[in-house]
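What follows is a single structure, written as C-alpha cells, with notes after it.
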Amino acid sequence: MKVFAETGDSKLATVYMADFGDNKIVEFVEALQPPFARSERWVLMVSTLFGCPIKCRICDAGGQYHGKPTGGQILNQIDFLVDKWFPDRKVPCDKFKIQFARMGEPALNPAVLDVLEVLPTRYDAPGLIPSLSTIAPYGTDKFFERLLEIKDRLYSSGKFQFQISLHSTNQTQRDALIPVRKISFEKLSEFGDRYFRQGDRKITLNFALAKGMDIDDSILLNYFDPHKYLIKITPVNPTCQAVKNGIISYIDPNQPMVQNEITDRLVKNGYEVIVSIGEVEENRIGSNCGQYVLNYLQSKKEILDGYTYPVQTVN
Numbered sequence: 096m097k098v099f100a101e102t103g104d105s106k107l108a109t110v111y112m113a114d115f116g117d118n119k120i121v122e123f124v125e126a127l128q129p130p131f132a133r134s135e136r137w138v139l140m141v142s143t144l145f146g147c148p149i150k151c152r153i154c155d156a157g158g159q160y161h162g163k164p165t166g167g168q169i170l171n172q173i174d175f176l177v178d179k180w181f182p183d184r185k186v187p188c189d190k191f192k193i194q195f196a197r198m199g200e201p202a203l204n205p206a207v208l209d210v211l212e213v214l215p216t217r218y219d220a221p222g223l224i225p226s227l228s229t230i231a232p233y234g235t236d237k238f239f240e241r242l243l244e245i246k247d248r249l250y251s252s253g254k255f256q257f258q259i260s261l262h263s264t265n266q267t268q269r270d271a272l273i274p275v276r277k278i279s280f281e282k283l284s285e286f287g288d289r290y291f292r293q294g295d296r297k298i299t300l301n302f303a304l305a306k307g308m309d310i311d312d313s314i315l316l317n318y319f320d321p322h323k324y325l326i327k328i329t330p331v332n333p334t335c336q337a338v339k340n341g342i343i344s345y346i347d348p349n350q351p352m353v354q355n356e357i358t359d360r361l362v363k364n365g366y367e368v369i370v371s372i373g374e375v376e377e378n379r380i381g382s383n384c385g386q387y388v389l390n391y392l393q394s395k396k397e398i399l400d401g402y403t404y405p406v407q408t409v410n
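Next up, the structure:
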C-alpha cells in the first residue's frame with residue numbers, strides 16, 4: 096500500500112489516499128470528536144471496496160468499482176493510522192471506533208468479517224468498538240449470519256455498533272436513492288430479533304434525511320421494536336453527487352435541529368433519537384463521505400461544489 100496524498104485538518108479529520116496498484120485506490124480517515132482528545136475518542140473510517148457498485152445518489156464512492164480488498168489490505172489502512180500514533184499498537188483511547196463505512200458497501204466483502212475476527216488480538220485496545228454501516232443488499236444473508244456469530248463471540252456487551260441505512264421508510268423513495276435490490280424490512284426485522292442480545296447497543300436505523308423523504312412511524316413500529324432499535328437522523332452531506340442530483344438536506348448543519356415534529360413523534364412512540372450533526376468543517380474537508388479526492392486528482396481542478404480542502408501529495 097502506498098499512501099500518495101492527504102487532505103484535512105489533523106485537529107479534526109484527515110483523509111488519506113492510498114494506491115494498491117491496478118487502479119485500486121482507497122480513501123481512509125482518522126477523526127477526532129471535539130472537544131474530546133484522542134485519548135478519549137478516536138475514530139477511524141476504512142474502505143471495504145475499491146470504489147463501490149451501489150451508486151447511491153448521495154455518495155461519491157460509486158461508479159469506479161475495481162473489486163474487493165483482501166483482509167490484509169483493509170488491515171493495511173488501520174495499521175497505517177494506528178502505527179502513526181501508537182507504534183507499539185497499544186491504543187489507550189477510552190473509545191477507539193473503527194468504522195467500516197468509508198468507500199464501499201461492507202456486506203459485499205466477506206474479508207470485512209475476517210478483519211473483525213483478528214482486531215481484538217492485533218491491537219491492545221480496551222476501548223475498541225467496531226462499527227459496521229450497511230444498506231443491507233439483497234443476497235448477503237450469509238454475511239450477516241456470520242457477523243451475528245462474530246459479534247456474540249468477540250464483541251458482546253455493547254462492544255459492537257451495527258447500523259442499517261434506511262434514509263426513508265417509503266420504498267419508492269429508498270429505491271431511487273439506493274438503486275439496488277435490498278433485504279426487505281420484514282427480513283431485516285427477523286434478523287434484528289435474533290441479533291439483539293441483552294447488553295448490546297441498540298441497532299441504529301440511519302436516516303441521512305433529505306427534503307421530501309418520509310419517516311413513517313407506523314412502518315417503523317411494525318418492523319423495528321424501539322427496545323432494540325434507535326433512530327439516527329443526520330444531514331445529507333454536501334457530496335458532489337448530492338449537489339449534482341439536487342438532493343437537499345432536511346437538516347441544516349449550520350442550524351442544528353434539536354427537536355421538531357419528526358423527533359417529537361418518534362420519541363413519543365418510544366424511540367431513542369439521535370440527531371447527529373458533526374463538525375461543519377468536516378463537510379469542507381470531505382471526511383464524511385465519498386471518493387472526492389480521487390475525482391479531484393483525476394480532474395486536476397478544484398471541485399467548487401462539495402469539498403474544498405487542498406490535497407497534499409505525500410512523498
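Offset between the sequence shown (1-based) and the numbering used here: plus 95. Don't be surprised by glycine CBs; every beta carbon is placed ideally from N, CA and C.
Query	Result
If I follow the unbroken alpha helix (DSSP H) through VAL213, where does it start and stop?	206-217
Nearest to LEU304 by CA position, among ASN340, LEU316, GLY287 and ILE346, is which residue?	ILE346
How is ASN301 classed by DSSP in three states: helix, strand or coil?	strand
Assuming ASP311 and THR264 are in contact, meaning their beta carbons sit under 8 Å apart, how far apart are those beta carbons, in whole angstroms?	4 Å
Return the chain-ordered list of same chain residues with a C-beta closer than 8 Å to the C-beta of ARG269, the five sequence neighbours on each side being excluded.	LEU261, HIS262, SER263 and LYS277
Among GLU212, SER279, GLY199 and ALA337, which residue has its Cα nearest to the Cα of ASP236?	SER279
Classify TYR111 as helix, strand or coil using the three-state DSSP reduction.	strand
Could you compute how far the alpha carbon of ASP178 sits from the alpha carbon of ASP288?	38 Å
Give the secondary structure of ASP117 by DSSP, where H, G and I count as helix, E and B as strand, and everything else as coil.	coil
Count the other CB atoms within 10 Å of the CB of PRO225; is the residue buried (16 or more) or exposed (fewer)?	buried
Decide if ASP247 is buried, meaning its Cβ has at least 16 other Cβ atoms within 10 Å, or exposed.	exposed
According to the Cβ coordinates, are GLY146 and ALA206 closer than 8 Å?	no
What does the Cβ neighbour count give for THR143, buried or exposed, with the cut at 16 atoms within 10 Å?	buried
Do you know whose CA, among VAL124, PHE115, ALA126 and ALA231, lies nearest GLN258's CA?	ALA231
Thinking just about the alpha-carbon of each residue, which of THR216, PHE123, GLU135 and ASP183 is nearest to the one in ARG197?	PHE123
Below 8 Å on the Cβ atoms is my contact criterion, and I expect GLN407 with GLU101 to pass it. Report the Cβ-Cβ distance as a whole number of Å.	6 Å
What are the residues that DSSP puts in a beta bridge with ARG136?	LYS190
Confirm, please, whether the CB-CB distance from ASN301 to THR329 is below 8 Å.	yes
So the alpha helix (DSSP H) THR237 belongs to, where does it begin and stop?	The question names Thr, yet the displayed sequence has Lys at residue 237. Taken as a continuous stretch (DSSP letters only), the alpha helix (DSSP H) holding LYS237 covers 236-249.
What do you get for PHE131, buried or exposed, if any count of 16 or more other CB atoms within 10 angstroms of its CB means buried?	exposed
Leaving out five residues on either side along the sequence, give the residues of the same chain with a beta carbon under 7 Å from the beta carbon of LEU243.	ARG289 and TYR290
In its own chain, which residues sit with a C-beta less than 8 Å from the C-beta of ASP209, not counting the 5 before and 5 after it?	GLY166
For SER371, collect the residues of the same chain with a Cβ closer than 6 Å to its Cβ; drop the 5 residues on either side in sequence, then sort them by chain order.	LYS327 and THR329
With DSSP as the reference, label ILE346 as helix, strand or coil.	coil
According to the Cβ coordinates, are PRO187 and SER134 closer than 8 Å?	yes
Tell me whether TYR324 sits in a helix, a strand or coil according to DSSP, three-state version.	strand
If you reduce the DSSP assignment to three classes, tell me which class LYS277 lands in.	strand
So, at 8 Å on beta carbons, what are the nonlocal neighbours of TYR318 in its own chain, with the 5 sequence-adjacent residues on each side left out?	PHE280, GLU281, LEU283 and SER284
Taking the alpha-carbon of ARG296 as reference, which of PRO321, ILE314 and HIS161 has the nearest alpha-carbon?	PRO321
According to DSSP, which residues form a beta bridge with GLY103?	THR109
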